[in-house]
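Take 38 as the starting number for the sequence shown in my numbering and just add one per residue.
Yeah, the Cβ is synthetic: ideal placement off N, Cα and C, and Gly gets one too.
Values in this document were obtained by computation on a predicted structure and should not be read as measured data.
Okay, structure first, notes after.
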Amino acid sequence: MKPVKVGLLGMGTVGSGTINVLNRNAEEIARRAGREIRISHAAAKEYNPDKIHGLDKIDKITDDAFEVVNDPDVAIIIELIGGYSPALELVLKAIDNGKHVVTANKALIAKHGNEIFAAAQKKGLMVAFEAAVAGGIPIIKAIREGLAANQILWVAGIINGTSNFILTEMRDKGRDFGDVLKEAQTLGYAEADPTFDVEGIDAAHKLTILGAIAFGIPLQFEKTYTEGITKIEQQDVAYAGELGYRIKLLGIARKTDKGIELRVHPTLIPERRLIANVDGVMNAVVVKGDAVGPTLYYGAGAGSEPTASAVIADLVDVVRALTSDPENRVPHLAFQPHKLSRMPILPMEEVETAYYLRMQAIDRPGVLADVTRILGDAGISIEAILQKEPAEGASHVPVIFLTQRVQEKFMNKAIKQIEKLDSIDGKVMRIRLETLA
Ligand code: HSE
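Given below as structure tokens:
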């Protein structure tokens, strides 16, 4: 059989890895796919030839990505440019031209996936996006296919390596936030715009996709609650540790009777949980299904070859399914497109979770009683209290509360009242807590 000709858009970190792995493992990959897979046409504004092996095997390299999507010889387009534009225009043009698409672009899928899948569906084409979530971990395949028997109850993941790297270094080495971020950028983990990493946007893109395939809902990025790690202080990481918890940036998708929770925020999790011990740039996702129970997926969430591993797995899937009837392929969002659920996404105020609260209290009798009265009146039960010795000469002491689960709107109200107390200085630091039990 003739080789399948593929067009590659982007020859940066992931693009280089894709060319290198495809060339290095060509024989094994062809044995799996049933046909040789060849990148025949590639586009890049710039690339580093020293980092790519086998450039000579590509027939044509251009700086015009539209030239590749308009190439009639190419059957599959791999989009590794990233960002919204021109990636969206290129992917839609490729679909219009009858080409299947493989992409690692989480921002594109999270924001424009509904439109892209509808266009592909009309043409009977595949759009594969395993590399968009958790890099090399085959989490899309696991949820979409491996767990197809289950009602998914919840998904919780460390899905931004850069944030996890920063939190790990803050905990282990007491390093400075900015300094660690710079290192992640040098290592090629951080997004082009690093606020996407530290403000939780990258994780929210990925969680939007996980939520959609877990619960059979349309992609709804704009309804995903998004909070990053920029407000986390060294002392919070340390107090969480004293109380037996780790702080992780978690993406949580949960089905409740009232609707679906989609939320990204720093979260205290008990240190005895396996996922609490996922450190550095590594990613991990726990998926709880009603039949299988909790399952854990761990691996590299970013980087050249780990992400290429997912891109090429998609490529192999697409090649294997080239001759199959479009109606009988795995649906893009795991559920048949006309069977997507309209379950609402819950606003954060409606979400129920436990909390870590840190406040600066005047060191005098009755102060703790005032705070516990406010919490008690709001129906918020206290799980633990930690009060530190005042620093020499200091008038205030840090006091930390762990609470039981309560709806966020009640906690917001209680925090406002606590902040009004004369005995409490400044803002209350609030971090959500999940036991993941
Ligand atoms: N910036 C992302 C991360 C890269 O840090 O996880 C992979 O999506």
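Checklist line | Among Glu65, Gly340, Ile98, the one whose alpha carbon lies nearest that of Ala168 | finding: Residue Gly340 is the option with its Cα nearest to Ala168.
Next item on the list: Could you tell me the distance, in whole angstroms, from the CA atom of Arg401 to the CA atom of His433?
Entry: When rounded, the distance between both Cα atoms is 9 Å.
Next item on the list: Check whether the Cβ of Lys143 sits closer than 7 Å to any heavy atom of the ligand HSE, and report yes or no.
Entry: Answer for Lys143: yes, Cβ within range of the ligand HSE.
Notebook entry, point to check: Excluding the five sequence neighbours on either side, which residues of its own chain have a C-beta within less than 7 Å of the C-beta of Ala147, listed in chain order?
Noted result: So the qualifying residues of the chain are His242, Thr245, Ile246, Leu256, Phe258.
Note to self: For Val58 and Asn201, what's the separation of their Cα atoms in angstroms?
What the structure shows: One C-alpha to the other measures close to 26 Å.
Check: Asn62 to Met48, Cα distance in whole Å?
Finding: Spanning the two alpha carbons is a distance of roughly 18 Å.
Next item on the list: With a floor of 4 residues, list each alpha helix (DSSP H) that falls wholly inside the segment 101-182, ordered by position along the chain.
Entry: Counting only runs of at least 4 residues, the segment 101-182 fully encloses the following alpha helix (DSSP H) elements, listed from N- to C-terminal order: 102-106, 124-133, 143-160.
Item checked: Same chain, Cβ closer than 7 Å to Asp354, neighbours up to 5 away in sequence not counted -> For Asp354, where only same-chain residues beyond five positions count, the Cβ hits under 7 Å are Ala165.
Check: Taking any heavy atom of the ligand HSE as the mark, which residues have a C-beta closer than 6 Å to it, listed down the chain?
Finding: With the criterion CB distance below 6 Å from any heavy atom of the ligand HSE, the matching residues run Gly172, Asn197, Gly198, Thr199, Tyr226, Ala227, Glu228, Asp234, Asp239, Gly338, Ala339 along the chain.
Notebook entry, point to check: Can you tell me whether Pro435 is buried or exposed, with buried defined as 16 or more other CB within 10 angstroms of its CB?
Noted result: Buried, because 16 or more other Cβ atoms sit within 10 Å of the Cβ of Pro435.
Next item on the list: Output yes or no for whether 8 Å exceeds the beta carbon distance between Ala290 and Val192.
Entry: When the beta-carbon positions are compared, Ala290 and Val192 come within less than 8 Å of each other.
Next item on the list: Take the Cβ of Ala155 as the centre, count every other Cβ of all protein chains shown within 10 Å, and call the residue buried at 16 or more, exposed below.
Entry: With fewer than 16 Cβ atoms within 10 Å of its Cβ, Ala155 is classed as exposed.
Next item on the list: Starting from the Cα of Met466, find the closest Cα among Arg442, Ile437, Gln222 and give me that residue.
Entry: Per the Cα distances, Ile437.
Item checked: Cut-off 7 Å between Cβ atoms - residues of its own chain near Gly173, not counting five sequence neighbours on either side -> These residues qualify, in order along the chain: Gly336, Ala337, Pro343, Thr344, Ser346, Ala347.
Notebook entry, point to check: What whole-angstrom Cβ distance do Ile89 and Ile56 have, given they're in contact under 8 Å?
Noted result: Going by Cβ atoms, the distance from Ile89 to Ile56 rounds to 5 Å, so yes, they are a contact pair.
Item checked: Residue burial classification, Tyr276 (beta-carbon count within 10 angstroms, cutoff 16) -> With 16 or more other CB atoms across the displayed protein chains lying within 10 angstroms of its CB, Tyr276 is buried.
Notebook entry, point to check: Can you tell me whether DSSP reads Ile250 as helix, strand or coil?
Noted result: Note: Ile250 maps to helix in three-state DSSP.
Next item on the list: Please report how far the alpha carbon of Gly120 lies from the alpha carbon of Pro231, in whole angstroms.
Entry: Each residue's Cα considered, the two are about 13 Å apart.
Next item on the list: Grab me the residues of Gln188's own chain with a C-beta within less than 6 Å of its C-beta, minus the 5 sequence neighbours each way, in chain order.
Entry: Annotation for Gln188: Asp327 place their beta carbon closer than 6 Å to its own, counting only its chain and skipping 5 residues before and after.
Check: Which term fits His302, buried or exposed, when burial requires 16 or more other beta carbons within 10 angstroms of its beta carbon?
Finding: Answer is buried; the Cβ neighbour count reaches 16.
Notebook entry, point to check: Closest to Gly481 by CA distance: which of Ala451, Thr199, Ala124 is it?
Noted result: The structure shown does not extend to residue 481, since the chain is modelled only from 38 through 474, so no value can be given for it.
Next item on the list: Work out the CA separation of Ile455 and Ile461 for me, nearest whole Å.
Entry: In this structure, the alpha-carbon of Ile461 lies about 7 Å from that of Ile455.
Notebook entry, point to check: At a cut of 8 Å, does the segment 372-389 reach the segment 442-450 through at least three beta carbon pairs?
Noted result: Contact holds: three or more Cβ-Cβ distances are below 8 Å.
Check: With burial defined as no fewer than 16 other Cβ atoms inside 10 Å of the residue's Cβ, what is the status of Ser53: buried or exposed?
Finding: Note on Ser53: 16 or more other CB atoms within 10 angstroms of its CB, so buried under the neighbour-count rule.
Item checked: Which listed residue (Thr360, Ile419, Ala406) has its alpha carbon closest to that of Gly161 -> Taking each of Thr360, Ile419, Ala406 in turn and checking the Cα distance to Gly161, the smallest one comes out for Thr360.
Check: Rounded to a whole number of angstroms, what is the C-alpha to C-alpha distance between Glu116 and Ile312?
Finding: C-alpha separation (whole angstroms): 31 Å.
Next item on the list: In the DSSP assignment, find the unbroken alpha helix (DSSP H) run with Glu65 in it and report its ends.
Entry: It spans 63-70 - the alpha helix (DSSP H) in which Glu65 sits, taken as one unbroken run.
Next item on the list: In angstroms with no decimal places, state the Cα-to-Cα distance between Glu429 and Gln271.
Entry: Put simply, the backbone Cα of Glu429 is about 20 Å away from that of Gln271.
Check: Exposed or buried, what is His375 when buried is set at 16 or more other beta-carbons lying within 10 Å of its beta-carbon?
Finding: Per the 10 Å Cβ criterion, exposed.
Next item on the list: Indicate the three-state DSSP secondary structure (helix, strand or coil) for Lys285 in the structure shown.
Entry: Strand.
Margin query: Quick check: what's the CA-CA separation for Leu46 versus Lys457?
Written below: Each residue's alpha carbon lies about 55 Å from the other.
Item checked: Per-residue burial, Glu264 [other beta carbons within 10 Å of its own, 16 or more giving buried] -> The residue is buried, with at least 16 neighbouring Cβ atoms inside 10 Å.
Note to self: Once DSSP output is grouped into helix, strand and coil, what is the label at Ala277?
What the structure shows: It is helical.
Item checked: In chain order, each alpha helix (DSSP H) run of at least 4 residues that lies wholly inside the segment 367-422 -> If we require 4 residues or more, the alpha helix (DSSP H) runs fully inside the segment 367-422 come out as 404-414.
Notebook entry, point to check: What does Val322 pair with, by DSSP beta-bridge criteria?
Noted result: Answer is Gly194, Tyr334.
Checklist line | Thr472 (DSSP reduced to helix, strand or coil) | finding: Coil, per DSSP.
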